[in-house]
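*Asks:* If you count by our numbering, then the sequence shown holds residues 24 to 126, one letter each, in order.
A virtual CB, placed ideally from N, CA and C, is assigned to each residue, including glycine.
Since this is a predicted model, take the numbers as computed values, not measurements.
Structure below; questions to follow.
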Amino acid sequence: MKKTIALTHPRLKPARLVDAIKHDIRKYLNRERRKALPAGMDYWTFDCRFGATEAAAEKIFTSEINAHIDAAVAQELPSFYVEILARACNHQPRVAADEAEQG
């Protein structure tokens, strides 16, 4: 998902528009998580970027998306850019935890 989302709407109040935007993002994340994983992969992770424009977008964590949307609303930006790309990954073994238990 690579989108520039407007924070103004002729009929919707800003609070309802923000709720709709957050809902669409959650819906997209859930839809991507439901997709079948490639062979040998454990889970889906997401590479996210957020900014006032595509050029100014910075890398963020998935859990920070709502906070960044709220900040954009507080700054009264007319629109913002969000990019969420799904990527299949494998869990990495915890080497340090295993050594601590044995030692």
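For the beta strand (DSSP E) containing residue 70, list its first residue and its last residue.
*Replies:* Reading the sequence shown from its first residue, position 47 is the one you call residue 70. Its beta strand (DSSP E) spans residues 66-74.
*Asks:* Starting from the N-terminal side, write out each stretch of the beta strand (DSSP E) that is 3 residues or longer and does not extend beyond the stretch 27-54.
*Replies:* DSSP runs (the beta strand (DSSP E)) wholly in the stretch 27-54: none.
*Asks:* Compare the Cα-Cα distances from residue 103 to each of 115, 56, 92 and report the closest residue.
*Replies:* The residue you call residue 103 lines up with position 80 of the sequence shown. The shortest Cα separation from residue 103 among 115, 56, 92 belongs to 92.
*Asks:* Residue 111 lies in the beta strand (DSSP E); which residues open and close that run?
*Replies:* To locate residue 111, count along the sequence shown from 1; it is residue 88. Taken as a continuous stretch (DSSP letters only), the beta strand (DSSP E) holding residue 111 covers 102-112.
*Asks:* Helix, strand or coil for residue 81, going by three-state DSSP, please let me know.
*Replies:* What you label residue 81 is simply residue 58 of the sequence shown in a count that begins at 1. In this structure, residue 81 counts as strand in the three-state DSSP scheme.
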